[in-house]
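The opening residue of the sequence shown carries number 27 in my numbering; numbering runs sequentially from there.
By construction, the Cβ of each residue, glycine as well, lies at the ideal position given by its N, Cα and C atoms.
None of these values were measured; they are calculated from a predicted model.
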Amino acid sequence: MNIFHKIALQGLKKNRTRTLVTIIGVLLSSVMITGVTTFGASLLDYMTRGAIQKYGDWNVAFFGVNQSFLQERLQDDETVDTVSFDNIGYALSEETDNPEKPYLFLAGFTQETFDALPVTLMSGRLPENSREVIISAKAVSEDGISYGAGDTITVSVGTRLKNGKELTQAEPYSADEEIFVPREEKTYTVVGTTRTPVFETADSPGYTLITRSDTSGSTANMSLFVTLKNPRQVFSYAKHFSNGCAYILNYDLLRIMGISDQPSDKVFLAFLYSFGGIVMAIIMVGSIFLIYNSFHISLSERIREIGILASVGATSKQLRNSVLFEGFCIGIIGIPIGTFMGLALIRFVLSVVSANFASILYAGVPLTIKLSAPAIVCAVAGSFATILISAWLPAKKAVRIPVMECIRQTNEIKTDARTMKISERKQRLCGLEGVLALKNFKRNRKRYRSIVLSLILSIVLFVSTNALIGSLQQTADEFRIVSDYDIGFSIQNMDDYNLLRLYNKLKSVSYIRSSSC
Numbered sequence: 027m028n029i030f031h032k033i034a035l036q037g038l039k040k041n042r043t044r045t046l047v048t049i050i051g052v053l054l055s056s057v058m059i060t061g062v063t064t065f066g067a068s069l070l071d072y073m074t075r076g077a078i079q080k081y082g083d084w085n086v087a088f089f090g091v092n093q094s095f096l097q098e099r100l101q102d103d104e105t106v107d108t109v110s111f112d113n114i115g116y117a118l119s120e121e122t123d124n125p126e127k128p129y130l131f132l133a134g135f136t137q138e139t140f141d142a143l144p145v146t147l148m149s150g151r152l153p154e155n156s157r158e159v160i161i162s163a164k165a166v167s168e169d170g171i172s173y174g175a176g177d178t179i180t181v182s183v184g185t186r187l188k189n190g191k192e193l194t195q196a197e198p199y200s201a202d203e204e205i206f207v208p209r210e211e212k213t214y215t216v217v218g219t220t221r222t223p224v225f226e227t228a229d230s231p232g233y234t235l236i237t238r239s240d241t242s243g244s245t246a247n248m249s250l251f252v253t254l255k256n257p258r259q260v261f262s263y264a265k266h267f268s269n270g271c272a273y274i275l276n277y278d279l280l281r282i283m284g285i286s287d288q289p290s291d292k293v294f295l296a297f298l299y300s301f302g303g304i305v306m307a308i309i310m311v312g313s314i315f316l317i318y319n320s321f322h323i324s325l326s327e328r329i330r331e332i333g334i335l336a337s338v339g340a341t342s343k344q345l346r347n348s349v350l351f352e353g354f355c356i357g358i359i360g361i362p363i364g365t366f367m368g369l370a371l372i373r374f375v376l377s378v379v380s381a382n383f384a385s386i387l388y389a390g391v392p393l394t395i396k397l398s399a400p401a402i403v404c405a406v407a408g409s410f411a412t413i414l415i416s417a418w419l420p421a422k423k424a425v426r427i428p429v430m431e432c433i434r435q436t437n438e439i440k441t442d443a444r445t446m447k448i449s450e451r452k453q454r455l456c457g458l459e460g461v462l463a464l465k466n467f468k469r470n471r472k473r474y475r476s477i478v479l480s481l482i483l484s485i486v487l488f489v490s491t492n493a494l495i496g497s498l499q500q501t502a503d504e505f506r507i508v509s510d511y512d513i514g515f516s517i518q519n520m521d522d523y524n525l526l527r528l529y530n531k532l533k534s535v536s537y538i539r540s541s542s543c
């Protein structure tokens, strides 16, 4: 330990009260920064677990593959897990009103598939054998298919062909180019309805019917869902192993993990990280002003000492390093305690607001703390950066002061008859105490401005946090609103002009009390 470090430690010991106050400031800054980073990591983990619950823990799905392809993926070193179901075939639906979805798609699930791919029942139960099916509720709600629990349906199951190639659920319906080739008739009993499966997209040509896989049947045509060890390689992996077969990516999960290549997903992540960055920036700037004042006062008291050291040959770098070492010592004490307290505090906060998040996003997924090493490292680094900036700014100013001014201490307090004059009106208004305070501010305007800016930033931080909480509460209230309308219309592929014309026509019908578009 060199002489400058010893002097810095002696300065901390001489004024224990100011050192304690500075440590408390560092501790509070570390608590807030740790809280922000850990809350962000916990929120992303919560959204990831919610997406897994809703859409499944798979990254890429291949359609129309055979058993050998499945075995190759099982033995692949890049693969963590796989799950598959049988593509039993398509059947022409006689009840559908959607010309872009004229088929019913039959999928044969095993118990493993039911466990891995989310199947949310809206009514009824899961099929128990290969003669029972559950039907996608989208077919019932959107396209007039009237199959209900207990109904028996007989369909002619076959394949879709286009130029001799068998088509899958990932390839949209093309009326002029594809043909339907029936193979056999099958009879099923509808035992329930389910939410739209994850593999049925808006472009899928058929509404899904899920049954139990018939193990005695052929498995030459399957759909395979793959989970990778490194999800960031999903794009190259899918292109490399697709070999011309159709595939889809689990964008609902990938966007939360920050892997999606979709522009809208990039905007979402940019907003999320920007919001966290702005909150951290406000905290750091407020903390810098708070800790800066403490170091500024410390240097003001040690300015004569700095002048004497400079007069005997101490360089500006050595003097700056002495102040930075003082900040480092304070950080060594305050940051670990602040980080631990921040984790404990955010754990308590998450336990309180967990119910509100359940009403907004995922009811079956608890919001719990996520101890993320990158988030904690980021918090510690941000706290140290705050301290070093707070110490470096006053140190930079102090070492620029001429040596004789430091020794005489004539640089801190400025007295001038004109600037120190207080008007009689202010004297009557403020009284003796106010006059003394005003003169003290006039003697050192820089410190006065620092205090004012610190108060402004504290108010900004308080208002920003209050606005955030209010916005979240408003969002939660909006999600809990139950619409009380009697009739609802849903229209697709209509421009705004025609939509508004239709809306104006509908709302003018007699007996319409209120309406919204």
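query: What are the boundary residues of the alpha helix (DSSP H) that includes E450?
result: Under the DSSP assignment, E450 falls in the alpha helix (DSSP H) whose first and last residues are 450-469.
message: Which same chain residues end up closer than 7 Å to P198 when comparing Cβ atoms and leaving out the 5 residues on each side of it in sequence?
response: If we look at P198 and ignore the five residues flanking it on each side, its Cβ neighbours are D229, P231.
- prompt: Is it buried or exposed for I376, if we count other Cβ within 10 angstroms and need 16 for buried?
  reply: In the sequence under discussion, the amino acid at residue 376 is Leu, which differs from the Ile named in the question. So L376 ends up on the buried side.
Alpha carbon of Q259 to alpha carbon of T108, nearest angstrom: Spanning the alpha carbons of Q259 and T108 requires a straight line of approximately 16 Å.
Member of L250, A77, T105 whose CA lies at the smallest distance from the CA of E138: Ranked by how close their Cα comes to the Cα of E138, the residues L250, A77, T105 have L250 in first place.
message: Taking only three categories from DSSP, how would you classify D103?
response: Annotated three-state conformation of D103 is coil, per DSSP.
Coarse secondary structure for N113, derived from DSSP in three states: N113: strand per DSSP, three-state reduction.
Beta-carbon proximity check, L279 vs A142, cutoff 8 Å: L279 is not a Cβ neighbour of A142, given a cutoff of 8 Å.
field: Backbone secondary structure at A336 - three-state DSSP
entry: A336 falls in the helix class under three-state DSSP.
query: Can you give the Cα-Cα distance for L96 and Y263, rounded to whole angstroms?
result: Taking the straight line joining both Cα atoms gives about 15 Å.
Alpha-carbon to alpha-carbon, I205 and G90: Approximately 17 Å between the Cα atoms of the pair.
query: Where do the ends of the alpha helix (DSSP H) carrying E138 lie?
result: E138 -> alpha helix (DSSP H) spans 137-142.
- prompt: Which residue from F111, M520, L193 puts its Cα closest to that of T185?
  reply: Closest by C-alpha distance to T185, out of F111, M520, L193, is L193.
task: Using 10 angstroms around the beta-carbon of D83, count the other beta-carbons present and answer buried if the total reaches 16, otherwise exposed.
output: Buried, by the Cβ-count rule.
- request: Return yes when the Cβ of V159 is within less than 8 Å of the Cβ of L235, no when it is not.
  value: A contact, by the Cβ cut-off of 8 Å.
- prompt: CA-CA distance, S110 and A133?
  reply: Straight through space, the alpha carbons of A133 and S110 are spaced by roughly 10 Å.
- prompt: Quick one, are the C-beta atoms of S320 and T48 less than 8 Å apart?
  reply: S320 places its beta carbon less than 8 Å from that of T48.
task: Output the boundary residues of the alpha helix (DSSP H) element that contains K80.
output: For K80, the enclosing alpha helix (DSSP H) begins and ends at 42-81.
query: Should the region 49-67 be called in touch with the region 353-371, which here means at least 3 C-beta pairs below 8 Å?
result: Result yes; three or more Cβ-Cβ pairs closer than 8 Å.
query: If we call anything under 8 Å between Cβ atoms a contact, is K188 one with Y233?
result: Against a cut-off of 8 Å, the Cβ pair of Y233 and K188 comes out as no contact.
message: Using the three-state DSSP reduction, which class does R209 fall into: helix, strand or coil?
response: Annotated three-state conformation of R209 is strand, per DSSP.
Opening and closing residue of the alpha helix (DSSP H) in which S262 lies: For S262, the enclosing alpha helix (DSSP H) starts and ends at 260-268.
field: When N269, V145, I282 are compared against P226, the one with the closest alpha-carbon
entry: What sits at residue 226 in the sequence shown is Glu, not Pro. Distances from the CA of E226 to each of N269, V145, I282 were compared; the closest alpha carbon is that of V145.
- prompt: Distance, Cα to Cα, K423 vs G408?
  reply: Between the alpha carbons of K423 and G408 lies a gap of roughly 23 Å.
query: What number of angstroms, rounded off, separates the C-alpha of I314 from the C-alpha of V403?
result: In this structure, the straight-line span from the alpha carbon of I314 to that of V403 is close to 19 Å.
query: Would you call the CB atoms of T178 and T136 closer than 8 Å?
result: In this structure, T178 lies away from T136, with their beta-carbon atoms at least 8 Å apart.
- request: May I ask which residues mark the beginning and end of the beta strand (DSSP E) holding Y199?
  value: From DSSP, Y199 is part of no beta strand (DSSP E); its letter is neither H nor E.
query: Is V349 closer than 8 Å to E463 when the C-beta atoms are compared?
result: Before going on, a small fix: residue 463 reads as Ala here, not Glu. The answer is no: Cβ separation not under 8 Å.
query: Which residue's Cα is closest to the Cα of Y537: D512, D522, D521, C543?
result: Distances from the CA of Y537 to each of D512, D522, D521, C543 were compared; the closest alpha carbon is that of D512.
- prompt: Do you know how far the Cα of P257 is from the Cα of T45?
  reply: Per the coordinates, the alpha-carbon of T45 lies some 48 Å from the alpha-carbon of P257.
- prompt: Assuming V52 and I323 make a contact with CB atoms under 8 Å, what is their CB distance in whole Å?
  reply: Incorrect: roughly 15 Å between the Cβ atoms, too far for contact.
message: Let me make sure I understand the geometry here. Which of V311, L525, S342 has the alpha-carbon closest to that of S484?
response: The shortest C-alpha separation from S484 is found at V311.
Between the CA atoms of N113 and S398 - distance to the nearest angstrom: Cα-Cα distance, rounded: 41 Å.
query: Out of C543, L414, T220, which has the shortest C-alpha to C-alpha gap to A175?
result: The residue with the shortest Cα to Cα distance from A175 is T220.
query: How would you call Q288, buried or exposed, if buried means at least 16 neighbouring beta carbons within 10 angstroms?
result: Exposed, because fewer than 16 other Cβ atoms sit within 10 Å of the Cβ of Q288.
task: Return yes when the Cβ of S156 is within less than 8 Å of the Cβ of T74, no when it is not.
output: For T74 and S156, no; Cβs fall outside 8 Å.
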